[in-house]
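Working notes for the structure below.
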Amino acid sequence: MLFFRRKSTLASGNGAPAEAPSVEARSVWRNARLRLYRNKAAMGSLIILGLIIVLAIIGPSLSPHEYDAVYWDRIQMGPDFANQHWFGTDGNGRDLFVRTLYGARVSMAVGLLATFVSMVIGVVYGATAGYFGGRVDNLMMRFVDILYTLPFMFFVIMLMVVFGRNIFLIFVALGAVEWLTMARIVRGQTLAIKRREFIEAAHAIGVSNLTIIFRHIIPNVLGPVIVYATLTIPQVILIESFLSFLGLGVQEPLTSWGVLISEGANVMEVAPWMLLFPAAFLATTLFCFNFIGDGLRDALDPKDR
Amino acid sequence: MTRYILKRLLGAIPLMLIVIAVAFFMMRIAPGGPFDSERALPPEIEQNIKAAYDLDKPLVQQFGIYLWKVMHGDFGPSIKIRDFSVAELIASGAPASIQLGLSAILLALMVGVTLGTLSALRQNSAADYAVMGVAMTGIVIPNFVMAPLLSLVVGVYWELLPTSGWGSGELKYKVLPIIALSLPQIAYISRLTRGSMLEVLNSNFVRTARAKGLRDHLVVIRHALKAGLLPVVSYLGPATAAVTTGSVVIETIFAVPGIGTYFIKAALNRDYPLVMGVVIVYGALIITLNLLVDVLYGLLDPKLRSNR
Numbered sequence: 088m089l090f091f092r093r094k095s096t097l098a099s100g101n102g103a104p105a106e107a108p109s110v111e112a113r114s115v116w117r118n119a120r121l122r123l124y125r126n127k128a129a130m131g132s133l134i135i136l137g138l139i140i141v142l143a144i145i146g147p148s149l150s151p152h153e154y155d156a157v158y159w160d161r162i163q164m165g166p167d168f169a170n171q172h173w174f175g176t177d178g179n180g181r182d183l184f185v186r187t188l189y190g191a192r193v194s195m196a197v198g199l200l201a202t203f204v205s206m207v208i209g210v211v212y213g214a215t216a217g218y219f220g221g222r223v224d225n226l227m228m229r230f231v232d233i234l235y236t237l238p239f240m241f242f243v244i245m246l247m248v249v250f251g252r253n254i255f256l257i258f259v260a261l262g263a264v265e266w267l268t269m270a271r272i273v274r275g276q277t278l279a280i281k282r283r284e285f286i287e288a289a290h291a292i293g294v295s296n297l298t299i300i301f302r303h304i305i306p307n308v309l310g311p312v313i314v315y316a317t318l319t320i321p322q323v324i325l326i327e328s329f330l331s332f333l334g335l336g337v338q339e340p341l342t343s344w345g346v347l348i349s350e351g352a353n354v355m356e357v358a359p360w361m362l363l364f365p366a367a368f369l370a371t372t373l374f375c376f377n378f379i380g381d382g383l384r385d386a387l388d389p390k391d392r
Numbered sequence: 100m101t102r103y104i105l106k107r108l109l110g111a112i113p114l115m116l117i118v119i120a121v122a123f124f125m126m127r128i129a130p131g132g133p134f135d136s137e138r139a140l141p142p143e144i145e146q147n148i149k150a151a152y153d154l155d156k157p158l159v160q161q162f163g164i165y166l167w168k169v170m171h172g173d174f175g176p177s178i179k180i181r182d183f184s185v186a187e188l189i190a191s192g193a194p195a196s197i198q199l200g201l202s203a204i205l206l207a208l209m210v211g212v213t214l215g216t217l218s219a220l221r222q223n224s225a226a227d228y229a230v231m232g233v234a235m236t237g238i239v240i241p242n243f244v245m246a247p248l249l250s251l252v253v254g255v256y257w258e259l260l261p262t263s264g265w266g267s268g269e270l271k272y273k274v275l276p277i278i279a280l281s282l283p284q285i286a287y288i289s290r291l292t293r294g295s296m297l298e299v300l301n302s303n304f305v306r307t308a309r310a311k312g313l314r315d316h317l318v319v320i321r322h323a324l325k326a327g328l329l330p331v332v333s334y335l336g337p338a339t340a341a342v343t344t345g346s347v348v349i350e351t352i353f354a355v356p357g358i359g360t361y362f363i364k365a366a367l368n369r370d371y372p373l374v375m376g377v378v379i380v381y382g383a384l385i386i387t388l389n390l391l392v393d394v395l396y397g398l399l400d401p402k403l404r405s406n407r
């Protein structure tokens with residue numbers, strides 16, 4: 088709707104400049120933002136996610152407890168407001184509220200960083216393949232096809248076994264797994280825009296290939312990239328918690344939602360809060376990222392609706 | 100078509116080689132050897148042990164020997180589970196794992212496609228929202244949370260089914276693991292089906308089929324589903340990978356004696372040969388199923404059929 092209105096005002100503006108002087112041209116990004124604002128599920132998710140992030144940052148300092156402080160007299164207790172254990176304590180007598188929020192920090196950091204790694208690799212790779220086309224493209228995308236059919240999760244698990252649990256290895260490994268789809272998306276988009284006039288114009292004035300890719304191609308494929316990145320974050324968080332659940336993720340006393348959930352799942356009959364709180368946080372976060380991703384897709388791609 | 104299948108079969112061989120090579124060399128760059136933890140041995144004996152496991156030869160030759168053995172089904176001995184070879188362990192675990200995995204994929208396909216089609220046919224109805232809400236829940240609640248919850252509610256509170264174990268393979272032991280394994284896939288497949296069916300139901304050939312007076316259910320079953328299922332078929336490859344990884348967790352939670360359980364134990368115990376063996380078996384499984392899916396896709400999609 089908005090998109091069409093903008094086109095028509097622009098068109099009439101071109102024909103008779105005096106007719107519509109008060110109408111400002113809106114950029115694609117501004118239109119997308121307005122569309123996103125009207126998507127209730129996405130905006131609600133954005134607010135909730137914002138709250139979780141704020142809580143993860145300042146939450147631990149609200150509580151009088153440290154994330155690795157052990158209270159021998161309060162092992163595996165339910166939520167207890169007298170001692171300010173709002174979410175109860177875990178099997179080692181540590182405060183679950185603070186640990187859940189520390190887990191939030193780790194899970195979010197892994198999600199964001201690994202997604203960023205995958206985005207950088209995928210975008211550069213996809214744009215290069217799409218831009219050069221022909222044999223280069225063929226070769227590069229065949230390589231992606233091959234990687235696609237490899238059992239990557241098992242390689243990641245093997246990597247964890249061999250090199251021990253190392254949080255930086257998790258970033259790199261997950262980023263290395265997740266860039267494949269990103270590369271495919273970016274390549275498709277690049278193929279679509281590389282024949283456009285502004286690329287030709289850049290060629291004509293002698294801009295180098297490298298500059299064209301970074302200055303003209305990549306900014307123009309950013310829309311789908313952002314959408315897919317938003318949907319990658321929850322996947323990465325899920326994979327990290329999966330690894331942690333298997334005992335291959337982050338190491339004690341540091342924690343992540345996956346570690347907390349796996350501890351909670353073992354004792355859920357006697358201490359359900361140990362499963363409930365981290366699982367609720369994880370599920371809510373994944374929900375929010377998925378809704379925001381869907382909302383962004385609708386906002387950035389009006390044809391799709 | 101035969102040529103295409105042959106071509107794909109040949110293409111699978113280098114893929115398998117890559118999987119075996121990655122598994123092999125990853126283990127070799129691991130710090131420390133398999134015999135480090137044992138008490139110090141006299142050099143001659145150590146030399147003999149190394150010779151027995153071919154560890155004294157150059158790395159490339161070792162890889163060749165390993166490859167040769169793997170092709171003959173010999174994955175070497177397990178380090179931690181004494182007196183068992185990796186091949187024996189895999190053979191003992193495979194039936195349970197394969198049963199679980201295949202049943203889960205079939206169940207996910209049936210339920211997912213049905214739900215997705217129904218919600219596409221009743222777009223924006225209460226039923227549609229309900230199905231999509233449940234699908235979203237299935238996606239965001241990881242199966243390692245869902246599985247213990249299922250076993251707690253169905254197994255402990257309602258006492259309907261056993262919470263874990265395998266017995267002698269009776270059906271009642273399989274129900275919960277299969278459901279837990281297929282739930283995320285049901286969610287994905289129903290979302291995929293809904294999306295593509297919505298597109299197909301608005302396309303011209305479906306309108307034509309309706310215009311010539313074909314009854315509704317025939318239009319859907321005979322015309323729309325055929326085209327609408329293509330994305331689902333191409334998702335089957337990733338789905339297999341997801342189910343095999345998922346089965347690792349599900350088998351551990353429900354104490355199913357499958358290869359997934361061995362994998363986790365081996366990974367935590369650093370039983371390298373066993374980890375390698377399981378990775379190679381899973382890799383072969385995923386590559387084979389991807390191949391099958393591609394062939395199936397070729398058969399279903401007339402555009403691809405004529406090209407090849």
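Going down the list, the protein sequences come from chains A and B. Numbered according to the numbering used here, the first sequence spans residues 88 to 392. Numbered according to the numbering used here, the second sequence spans residues 100 to 407. Yeah, the Cβ is synthetic: ideal placement off N, Cα and C, and Gly gets one too. Just so we're clear, the structure is a prediction, and the values are computed from it rather than from any experiment.
Run through chain B and tell me which residues come within less than 9 Å of residue i, C-beta to C-beta.
i, result
"glycine 334 of chain A", "Ile363, Ala366 and Leu367"
Between the C-alpha atoms of residue i and residue j, what's the straight-line distance to the nearest angstrom?
i, j, result
"isoleucine 286 of chain A", "serine 218 of chain B", "43 Å"
"tryptophan 360 of chain A", "isoleucine 348 of chain A", "10 Å"
"serine 194 of chain A", "phenylalanine 239 of chain A", "20 Å"
"tyrosine 371 of chain B", "threonine 216 of chain B", "45 Å"
"proline 276 of chain B", "threonine 236 of chain A", "26 Å"
"valine 141 of chain A", "glycine 266 of chain B", "49 Å"
"alanine 354 of chain B", "proline 365 of chain A", "24 Å"
"arginine 181 of chain B", "isoleucine 257 of chain A", "32 Å"
Relative to the C-alpha of residue i, which residue among the options is closest?
i, options, result
"glycine 382 of chain A", "A:Gln276, A:Asp160 and A:Val314", "A:Val314"
"valine 239 of chain B", "A:Leu226, A:Cys375 and A:Ala214", "A:Cys375"
"methionine 115 of chain B", "B:Leu399, B:Leu390 and B:Gly266", "B:Leu390"
"asparagine 353 of chain A", "B:Ser295, B:Leu251, B:Ala111 and B:Pro283", "B:Leu251"
"glycine 209 of chain A", "A:Ala128, A:Ala386 and A:Thr277", "A:Thr277"
"arginine 369 of chain B", "B:Lys273, B:Ile178 and B:Leu154", "B:Ile178"
"isoleucine 144 of chain A", "A:Asp182, A:Ser150, A:Leu133 and A:Arg192", "A:Arg192"
"leucine 280 of chain B", "B:Ile148, B:Ala225, B:Leu206 and B:Asn303", "B:Leu206"
"leucine 105 of chain B", "B:Val342, B:Ile386, B:Val394 and B:Met375", "B:Val394"
"valine 207 of chain A", "A:Trp266, A:Arg229, A:Gln171 and A:Trp173", "A:Trp266"
"leucine 200 of chain A", "A:Ala316, A:Ile304, A:Arg181 and A:Pro147", "A:Ala316"
Using a C-beta to C-beta distance shorter than 9 Å, which residues of chain A count as neighbours of residue i?
i, result
"alanine 122 of chain B", "Phe241, Phe242 and Met245"
Does residue i come out as helix, strand or coil in the three-state DSSP assignment?
i, result
"proline 337 of chain B", "helix"
"histidine 152 of chain A", "coil"
"histidine 171 of chain B", "coil"
"threonine 176 of chain A", "strand"
"proline 238 of chain A", "coil"
"serine 295 of chain B", "helix"
"aspartate 167 of chain A", "strand"
"serine 224 of chain B", "coil"
"serine 295 of chain A", "coil"
"aspartate 182 of chain A", "strand"
"serine 331 of chain A", "helix"
"serine 343 of chain A", "coil"
Would residue i pass as an interface residue toward chain B - the criterion being a Cβ-Cβ separation below 9 Å?
i, result
"alanine 370 of chain A", "yes"
"serine 194 of chain A", "no"
"threonine 176 of chain A", "no"
"valine 249 of chain A", "yes"
"phenylalanine 329 of chain A", "yes"
"isoleucine 233 of chain A", "yes"
Is residue i close to chain A, meaning its C-beta is less than 9 Å from at least one C-beta of that chain?
i, result
"glycine 336 of chain B", "yes"
"asparagine 389 of chain B", "yes"
"alanine 203 of chain B", "no"
"asparagine 406 of chain B", "Summary for asparagine 406 of chain B: the model assigns pLDDT 47, below 50, so the residue's position carries little reliability, and this model does not support an answer."
"threonine 272 of chain B", "In the sequence under discussion, the amino acid at residue 272 of chain B is tyrosine, which differs from the threonine named in the question. No, tyrosine 272 of chain B does not count as interfacial toward chain A."
"threonine 292 of chain B", "no"
"valine 355 of chain B", "no"
"phenylalanine 162 of chain B", "no"
"leucine 260 of chain B", "no"
"valine 332 of chain B", "no"
"leucine 158 of chain B", "no"
Could you name the residues of chain A that residue i contacts, counting a contact when the two beta carbons are closer than 8 Å?
i, result
"proline 247 of chain B", "Ala352, Met355 and Leu362"
"leucine 275 of chain B", "Chain A residues near leucine 275 of chain B: none, gap ~14 Å exceeds 8 Å."
Which residues in chain A have a C-beta closer than 7 Å to the C-beta of residue i? List them in chain order.
i, result
"threonine 360 of chain B", "Here the premise fails: no neighbours, minimum Cβ distance about 12 Å."
Is the Cβ of residue i closer than 9 Å to any Cβ of chain C?
i, result
"proline 321 of chain A", "Structure shown: chain C not included; protein chains present are A and B."
In chain B, what lies closer than 8 Å to residue i by C-beta?
i, result
"threonine 236 of chain A", "Leu114, Gly336, Ile385, Ile386 and Asn389"
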